[in-house]
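Order-wise, the sequence lines are chains B and A.
Under my numbering, think of the first position of the first sequence as 933, with each following residue one higher.
Under my numbering, think of the first position of the second sequence as 7, with each following residue one higher.
To start, the structure under review is shown below, and the notes come after it.
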Amino acid sequence: MTDPIKVFLVDDHGLFRAGVRAELERGAAGDPPLEIVGEAGSVDEAVAGIGHRKPDVVLLDVHMPDGGGAAVLARVRKTQPDVVFLALSVSDAAEDVIAVIRGGARGYVTKTISARELGDAVRRVRVGDAVFSPRLAGFVLDAFSDRPGAAPAVDPELDLLTKRERDVLRLLARGYAYKEIAGELFISVKTVETHVSSVLRKTQLSNRYELSRWASDRRLV
Amino acid sequence: MRPPTRAPLARRRSGRLVAGVAGGVADHLGVDVLWVRAAFVALAAVNGMGVIAYGLLWVFVRQESADVTREVSAKERQQAIGLAALGVGIGLVGAALQNQVIGWIVGPLGVAAVGAAVVWREADEAQRRRWTTGARTGILGGGRNAVLRLVAGGVFVAAGILVFLLGNLNLGQIQFGVLAVVATIVGIGVLTVPWWVRLARDFGEERRERIVTEERAEIAAHLHDSVLQTLALIQKQSHDPREVQRLARGQERELRHWLYGPQGYGRSTPALDESLATALQTTAAEVEDTYAITVNPVIVGDRPLDDSLRALVLASREAMVNAAKHAQVEEVSVYAEVEPDEVNVFVKDRGKGFDPEAVPGDRHGLADSVLGRMDRHGGTVRLRSTPGEGTEVHLAITLSQEEST
Chain B
933 MTDPIKVFLV DDHGLFRAGV RAELERGAAG DPPLEIVGEA GSVDEAVAGI
983 GHRKPDVVLL DVHMPDGGGA AVLARVRKTQ PDVVFLALSV SDAAEDVIAV
1033 IRGGARGYVT KTISARELGD AVRRVRVGDA VFSPRLAGFV LDAFSDRPGA
1083 APAVDPELDL LTKRERDVLR LLARGYAYKE IAGELFISVK TVETHVSSVL
1133 RKTQLSNRYE LSRWASDRRL V
Chain A
7 MRPPTRAPLA RRRSGRLVAG VAGGVADHLG VDVLWVRAAF VALAAVNGMG
57 VIAYGLLWVF VRQESADVTR EVSAKERQQA IGLAALGVGI GLVGAALQNQ
107 VIGWIVGPLG VAAVGAAVVW READEAQRRR WTTGARTGIL GGGRNAVLRL
157 VAGGVFVAAG ILVFLLGNLN LGQIQFGVLA VVATIVGIGV LTVPWWVRLA
207 RDFGEERRER IVTEERAEIA AHLHDSVLQT LALIQKQSHD PREVQRLARG
257 QERELRHWLY GPQGYGRSTP ALDESLATAL QTTAAEVEDT YAITVNPVIV
307 GDRPLDDSLR ALVLASREAM VNAAKHAQVE EVSVYAEVEP DEVNVFVKDR
357 GKGFDPEAVP GDRHGLADSV LGRMDRHGGT VRLRSTPGEG TEVHLAITLS
407 QEEST
């Protein structure tokens, strides 16, 4: 029996933390359990708490006073690069989404997500996968699209998506689950995961103008 | 990397010798104050540039607002006095060498400058009192000594200008009279510089406050008209979960649009007025409101609406409505992608699905509205549905070359 995944909640709304905690601890029947090891309502509390509790996954609110999720990402990732972050937000503005992904989060979900999907997302980022909501997939496709007049790619390895990656992203944006994407493209679920992780890496590291603009709007790079 | 942050330029209020200008510049540039003072003295030797620069900085740079306590050590004071003496020495040498400008500065204009400095310093003190006590005492709130200093400063300025005039001009009576008037005006102008500056700043501050207040009022009005009203409605309708969901979702969408939308509060560049993206979003919102479901449109790329794209939007709407009516789901995904030569829209639900072959002939929604519309504009419809797993409608329109430019 594996140990339950240790989850840490960061959100400045106490009510929301209580709700997520209740949902995740209750869990769905048959799913491996999640353990909430701590929560924090501010950037400083979060940095101290994560250092102390050593969680596997941090659920991170994007908008908080004192710099928000970006500040937590910047400070924790320096000392604890193993902690995985899943961003949770009410906003689905492109600059927010892209900025936390480039800040080091492995996924982005909106707060209206169901408890079951949130649990799945936590488990998925824990084992190293990326979690792309349809909207995030749309933004990434948009950012990597070849518009006429756009600057040519500087580093093709990072600045261009392969055709396969595009196909996977399109299906994600259409609302397909990994399993359905695998069936649609005649590849294994594992391969789908590999493609998504690769897209995540490119989103984080690429120098494409759209991506760095979105991120610099939130003062992350 | 961002450059290291600099202290904003502000004159020191403590640990100053004249007006805190040199100290403020040193804090801003991150160098020792002695160098700044030396630079001012050195520049003073160049036709008095240092004195003018110092005066201008005094007028236009604000005092720091925080009360920081600094001590002026005896050594620092000695160094400063030494520098000042050096400056006067350079001036005297310059005057001896018949440099006209330096001669004026060491002579009558120097006296006027000292007078102005005394008055300006008094104005600084008055401002400080105003900050610490919050009282609008004006310049004359500092007691008898302050009045004496002001009068003395005024006399110095007047005397300096007068001597300058008498010593350097050799004119007839009329010209002398005109120049005397001009000189008086200049003198009054110099003496009242602190008041003018304060007036201008107060005005600027007032304007800024007014803008902030207006902004706040706009936000408050918006929240009142939208969010508060919806919350009141939700409380009234709390027995009906479907209605509550519809209200909450509608309000969420509206607020989101206001905050992040194309013409939203946080945006500076408005999006295309009549574009495919906005049309699809509006359509999705209508379907949400009418059928109390969630429609999540994800749109990549955009282009202005034309006839065929309008048909595409209407067909997409029909597909969404079908999903809302028949699929028995709470959520429908819509994905649209604009490519240079074609536009694809996918409407997908995870509802009960159906067998496309077994659709009864009297259900014309899909056939007429979707297929017919798309056919007329050279588009295609692909339908994929599995009972128990859901339905996906794929609408595609090829853009003709001249349209896509």
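All C-beta atoms, glycine included, are put in the ideal place defined by N, C-alpha and C.
With 16 or more neighbouring CB atoms inside 10 Å of its own CB, Leu1050/B falls in the buried class. For chain A, the residues of the stretch 1019-1045 of chain B that bring a beta carbon within less than 7 Å of one of its beta carbons are Ser1023, Ala1025, in chain order.
Distance from Leu282/A to Arg248/A at the Cβ level is roughly 31 Å; contact not present, criterion being Cβ atoms closer than 8 Å. Residues of the same chain with a CB within less than 8 Å of the CB of Gly56/A, apart from the 5 flanking positions on each side, are Ala45, Phe46, Val47, Ala48, Leu49, Ala50, Gly93 in chain order. Contact of Arg1106/B with chain A is assigned, a C-beta pair being separated by under 8 Å. Membership of Pro987/B in any beta strand (DSSP E) is not indicated, and neither H nor E is assigned to it by DSSP.
Cβ neighbours of Thr404/A within its own chain (closer than 7 Å, five residues either side excluded): Asp347, Glu348, Gly384. For Asn350/A, the secondary structure class from DSSP, reduced to helix, strand or coil, is strand. Interface annotation for the stretch 1065-1078 of chain B against chain A: Pro1066, Arg1067, Ala1069, Gly1070, Leu1073, Asp1074, Ser1077, criterion Cβ-Cβ distance under 8 Å. In this structure, DSSP gives Ser281/A an extended state, which the three-state scheme calls strand. Rounded to whole angstroms, the gap between the alpha carbons of Gln257/A and Asp1028/B is 21 Å. Contact with chain B is found for Gly307/A, since one of that chain's Cβ atoms lies less than 8 Å from the residue's Cβ.
For the stretch 242-272 of chain A, the set of residues with a beta-carbon nearer than 7 Å to any beta-carbon of chain B comprises Tyr266, in chain order.
Contact check between the stretch 1039-1058 of chain B and the stretch 1015-1025 of chain B: three or more CB pairs, one atom from each, fall below 8 Å, which counts as touching.
For Glu70/A, there is no enclosing alpha helix (DSSP H), as DSSP marks it with neither H nor E. Ser20/A is outside the set of residues whose beta carbon lies under 8 Å from a beta carbon in chain B. By the 16-neighbour rule on beta-carbons within 10 angstroms, Ser322/A is buried. Excluding its 5 nearest sequence neighbours in each direction, Leu318/A has C-beta neighbours in its own chain below 7 Å: Val349, Val351, Gly385, Leu401, Ile403, listed in chain order. If you draw a straight line from the Cα of Gly21/A to the Cα of Arg76/A, it is about 5 Å long. With respect to the C-alpha of Leu1090/B, the residue from Val1072/B, Arg1055/B, Leu1104/B, Leu1103/B having the closest C-alpha is Val1072/B.
Here the alpha carbons of Val979/B and Ala1002/B stand approximately 12 Å from one another. By the Cβ rule, the stretch 320-335 of chain A does not count as touching the stretch 1120-1129 of chain B, because fewer than three pairs are nearer than 8 Å. Arg949/B has a beta carbon lying at 8 Å or more from every beta carbon in chain A. With respect to Leu1143/B, Arg1034/B sits close: the two C-beta atoms are nearer than 8 Å. Not a single C-beta of chain A is nearer than 8 Å to the C-beta of Arg1145/B. The bridge partners DSSP lists for Arg388/A are His400/A.
Within the stretch 984-1009 of chain B, contact with chain A at the beta-carbon level (separation under 7 Å) is assigned to no residue. Using a CB distance below 8 Å, the part of the stretch 324-355 of chain A facing chain B consists of Ser339, Tyr341, Glu343, Pro346, Phe352, Lys354, ordered along the chain. Chain order gives the chain A residues near Arg1102/B as Tyr341, Glu343, where near means a beta carbon separation below 8 Å. Listed in chain order, the alpha helix (DSSP H) elements of length 4 or more contained wholly in the stretch 279-336 of chain A are 282-297, 313-332. Between Gly30/A and Leu40/A, the CB-CB gap reaches or exceeds 8 Å. Between Val319/A and chain B, the shortest Cβ-Cβ separation is not below 8 Å.
Counting only residues of its own chain and dropping the five nearest sequence neighbours on each side, Lys354/A has a CB closer than 6 Å to the CB of Ser339, Glu398. Closest in C-alpha terms to Val994/B, from the list Gln1012/B, Arg1140/B, Val1004/B, comes Val1004/B. If you draw a straight line from the Cα of Leu172/A to the Cα of Gly54/A, it comes to about 21 Å. Shown here, Glu957/B sits in a helix according to DSSP, grouped into three states.
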